[in-house]
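Peer 1:
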Amino acid sequence: MPGRLEDTNTYASEPTVDVRKEYGDWRDQLIKDGYVVLKGVVSPERTAHYLDSLFQWLESFPYGFKKDDPKTWGPEHLPAHIKGGMYHGYSVAHEKFFWDARMESGVVDAFAKLWGTDELLVSFDGANLTLPVPPSSTRPAMGAWPHVDQSPLRSGMQCVQGILNLAPNGPNDGGLIVMKGSSALNEEFFATHESKQTTWGPADWYGFSEKDVEWFKSKGCEAIKVCADPGDLILWDSRQVHYNELPKSDAVRSVLYLCYSPASYAAPDDLKKKADLFKRRIGTTHWPHANIFENGQVQTRLGQPETYTRSQPLEPPTETDKLLKLAGVVPY
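In our numbering, each residue carries its 1-based index in the sequence shown increased by 8.
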């Protein structure tokens, strides 16, 4: 018998996406397959600007990284990060270039179309710049970490994650792996399997074992490496089994993680927490309207406690009315 899951979260209203409906556009693929790639959402010029901004951000640290000197691309010249190139600390979530990307009309319009409203909140998520490691350096190996980011106690599609792709990303260039169609089996899995946890703490994250993954494969779910061009927007259902893999090529992988959901989904207390974290320039999770807690993830660098601190972005965002509404600071 499956384990009993204790409800420790607050929950959104009923989802606004009707998975039984045929929309006649990309939303049908998102519902059926659990993911979709929207082509050319951001212009090549703006995409190149965001990639260059990330490189400049790395050059701002006192570790000697230089964009034009690949010999400095090893971990010893980079700030603290996880899984090869994921950055969540140092207030990166609130750099002006990151907020400019969040407010790109093509990105916002895609989520507005998905949810059926332009009254949205956005996550304060991190960035990824995974670089080829120079011969003089090493990078720890990273195995698969299949997981979902939505508790089975939440009903239906309540969180859709997004990646704004900044560099060409082919089959061997690392990046997002999804178990195609697994989002539709999320509730069945948890109804028929013993859970490894009895509560869902501050986050909805759940990791799967190899045996669990085989169950999804037995149901017809194929592991797909999602490929994308610069300026493409990748969307996937948070109930989809997914993970990130390191590049097998010498390509640069660079993305910004963006997630939006209806402001109406947020509880008042969560809005207060979100506004406070914005004012303190602290990052959060993938979730825009729930699981509002600090996600700094700076702790260690090269196996030692990080000593360099940065609690404010290098260039703060311009606090327009649109931005403050997306941040949950100003109500709609």
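For glycine and all other residues, C-beta sits at the position ideal for the given N, C-alpha and C.
Are Ile290 and Ser99 close, meaning C-beta to C-beta below 9 angstroms?
Peer 2: Numbered from its first residue, the sequence shown carries residue 290 at position 282. Numbered from its first residue, the sequence shown carries residue 99 at position 91. A contact, by the Cβ cut-off of 9 angstroms.
Peer 1: What are the partner residues of Lys233, as DSSP defines its beta bridges?
Peer 2: As a working note, residue 233 is residue 225 in the sequence shown. Partner(s): Ile185.
Peer 1: So for Arg100, helix, strand or coil by DSSP?
Peer 2: Locating residue 100 in the sequence shown gives position 92, counting from the first residue. According to the sequence shown, residue 100 is Val rather than Arg. Helix, per DSSP.
Peer 1: Kindly indicate which three-state DSSP category Trp213 falls into: helix, strand or coil?
Peer 2: Here residue 213 refers to the residue found at position 205 of the sequence shown. Of the three classes helix, strand and coil, the one that applies to Trp213 here is coil, per DSSP.
Peer 1: Considering just the uninterrupted stretch of the beta strand (DSSP E) at Trp295, what are its terminal residues?
Peer 2: Along the sequence shown, one-based indexing puts residue 295 at 287. Trp295 -> no beta strand (DSSP E), and no H or E assigned at all.
Peer 1: Is it right to say Tyr251 is buried, meaning 16 or more other beta carbons lie within 10 angstroms of its own, or is it exposed?
Peer 2: As a position in the sequence shown, residue 251 is number 243, starting the count at 1. It counts as buried.
Peer 1: Under a Cβ-count criterion, where at least 16 other Cβ atoms within 10 Å of its own Cβ denotes burial, should Pro179 be classed as buried or exposed?
Peer 2: Against the sequence shown, residue 179 aligns to sequence position 171. By the neighbour-count rule (16 or more Cβ atoms within 10 Å), Pro179 is not buried but exposed.
Peer 1: Taking Glu84 as the reference, give the member of Pro321, Thr138, Leu310 and Met150 with the closest Cα.
Peer 2: Translated into positions along the sequence shown, residue 84 becomes position 76. Out of Pro321, Thr138, Leu310 and Met150, Leu310 has the C-alpha closest to the C-alpha of Glu84.
Peer 1: What residue does the beta strand (DSSP E) around Asn173 start on, and which one ends it?
Peer 2: As a first step, residue 173 is located in the sequence shown; it is residue number 165 there, counting from the start. Note, Asn173: beta strand (DSSP E), Val168 to Asn173.
Peer 1: With DSSP as the reference, label Leu128 as helix, strand or coil.
Peer 2: Counting from one through the sequence shown, the residue named residue 128 turns up at place 120. Note: Leu128 maps to strand in three-state DSSP.
Peer 1: Could you tell me the alpha carbon to alpha carbon distance between Trp34 and Phe105, rounded to whole angstroms?
Peer 2: Working through the sequence shown from its first residue, we reach residue 34 at position 26. Working through the sequence shown from its first residue, we reach residue 105 at position 97. Cα to Cα, the separation comes out at about 28 angstroms.
Peer 1: For the beta strand (DSSP E) containing Pro270, list its first residue and its last residue.
Peer 2: Position 262 of the sequence shown, counted from the first residue, corresponds to residue 270. Looking at the DSSP string, the run of the beta strand (DSSP E) that includes Pro270 is Arg261 to Pro270.
Peer 1: With distances taken between CB atoms, is the gap from Leu46 to Leu241 smaller than 9 angstroms?
Peer 2: Counting from one through the sequence shown, the residue named residue 46 turns up at place 38. Counting from one through the sequence shown, the residue named residue 241 turns up at place 233. Yes. Within cutoff.
Peer 1: If you reduce the DSSP assignment to three classes, tell me which class Leu322 lands in.
Peer 2: Numbered from its first residue, the sequence shown carries residue 322 at position 314. Three-state DSSP puts Leu322 in coil, outside helix and strand.
Peer 1: Determine, using beta carbons only, whether Tyr268 and Val116 come nearer to each other than 9 angstroms.
Peer 2: For the purposes of this step, residue 268 is taken as the residue at position 260 of the sequence shown. For the purposes of this step, residue 116 is taken as the residue at position 108 of the sequence shown. A contact, by the Cβ cut-off of 9 angstroms.
Peer 1: Could you tell me if Pro313 is buried or exposed, where buried requires 16 or more neighbouring beta carbons within 10 angstroms of its beta carbon?
Peer 2: Residue numbering aside, residue 313 sits at position 305 when the sequence shown is read from its first letter. It is exposed - the Cβ of Pro313 has fewer than 16 other Cβ atoms within 10 Å.
Peer 1: Would you say the stretch 246-260 touches the stretch 181-191, given that touching needs at least three Cβ pairs under 8 angstroms?
Peer 2: With a cut-off of 8 angstroms, the stretch 181-191 and the stretch 246-260 count as touching, because enough Cβ pairs lie within range.
Peer 1: Can Tyr265 and Ala135 be called in contact, C-beta distance under 9 angstroms?
Peer 2: Position 257 of the sequence shown holds residue 265. Position 127 of the sequence shown holds residue 135. Going by C-beta atoms, Tyr265 is nearer than 9 angstroms to Ala135.
Peer 1: Under 9 angstroms between the Cβ atoms of Thr55 and Leu139?
Peer 2: The residue you call residue 55 lines up with position 47 of the sequence shown. The residue you call residue 139 lines up with position 131 of the sequence shown. The answer is no: Cβ separation not under 9 angstroms.
Peer 1: Within a Cβ cutoff of 8 angstroms, which residues of the same chain sit near His294, ignoring the five residues on either side of it in sequence?
Peer 2: The residue given as residue 294 occupies position 286 in the sequence shown. Closer than 8 angstroms at the Cβ level, and outside the excluded window around His294, lie Ser131, Asp133, Asp157, Cys167, Gln169, Ser246, Tyr265 and Cys267.
Peer 1: Going by alpha carbons, who is nearest to Met111 out of Pro78, Phe216 and Val49?
Peer 2: As a working note, residue 111 is residue 103 in the sequence shown. It is Val49 whose Cα lies nearest to the Cα of Met111.
Peer 1: Mind the definition here: the stretch 227-241 touches the stretch 38-45 only if three or more C-beta pairs lie below 8 angstroms; say whether that holds.
Peer 2: The stretch 227-241, when compared against the stretch 38-45, does touch it at the 8 angstroms Cβ threshold.
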